[in-house]
Amino acid sequence: MTTEIPVVVTDRAVARIREILATETPETKLRVSVLGGGCSGFQYDFGFDTSAQPDDLVIANDGATVLIDPVSLPFLAGSQIDFVDELIGASFKITNPNATASCGCGTSFSV
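Residue numbers (full-length UniProt numbering): 1 to 111.
Next comes the structure, spelled out in structure tokens:
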């Protein structure tokens with residue numbers, strides 16, 4: 001039986017997370033969450049955390065750990081977290097199949 005991970009973190013995102021966390025304490029992890037607000041109703045939030053909560057989804061991949069809380073997970077289920085380096089800047093990008101609309105900023109969406 002195969003268990004599917006509800007959120008995928010690309011190799012580019014893993015590499016960038018490792019770069020960022022290399023300057024932090026060893027127990028630091030990237031926390032991705034969904035907050036109310038933004039121009040489309042919800043927004044993605046990226047931050048650091050030094051410990052996972054018991055009900056967090058923990059995605060560990062090649063030295064990069066991403067935490068997602070249980071309230072945010074339904075909004076992110078099926079999503080892909082990537083890191084893009086484009087002419088307008090470099091950032092994490094979430095491709096979210098649950099979003100019915102998104103804002104040009106790339107961090108705000110609606111469901």
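Every residue gets a Cβ at the ideal spot worked out from N, C-alpha and C, and that includes glycine.
Taking the alpha carbon of residue i as the point to measure from, which residue in the options has its own alpha carbon closest?
i: Val66; options: Asp82, Gln43, Leu57 and Leu76; result: Leu57
Over what stretch of residues does the beta strand (DSSP E) that includes residue i continue unbroken?
i: Val84; result: Ser79 to Glu86
i: Thr95; result: Gly89 to Thr95
i: Thr65; result: Ala64 to Ile68
i: Gln43; result: Phe42 to Asp49
i: Gly36; result: Lys29 to Gly36
Only counting the same chain, and skipping five residues up and downstream in sequence, which positions put a Cβ closer than 6 angstroms to that of residue i?
i: residue 128; result: Nothing can be reported for residue 128, as the shown portion of the chain is limited to 1 through 111.
i: Gln80; result: Val8 and Thr95
i: Leu30; result: Ile17 and Val66
i: Thr10; result: Asp82
i: Pro70; result: Asp55
Any idea what DSSP makes of residue i, helix, strand or coil?
i: Asp11; result: helix
i: Thr2; result: With a pLDDT of only 41 at Thr2, under the threshold of 50, the placement of this residue in the model should not be trusted; the figure read from the coordinates follows. Of the three classes helix, strand and coil, the one that applies to Thr2 here is coil, per DSSP.
Apart from the five residues just before and just after residue i, which ones in its own chain have a Cβ nearer than 7 angstroms to its Cβ?
i: Gly36; result: Phe42
i: Gly63; result: Arg18
For the alpha helix (DSSP H) holding residue i, just list the boundary residues, first then last.
i: Pro6; result: Looking at the DSSP string, Pro6 is not in any alpha helix (DSSP H), and its letter there is neither H nor E.
Segment contact flag, the segment 20–28 with the segment 77–94, C-beta cutoff 8 angstroms, min 3 pairs: no
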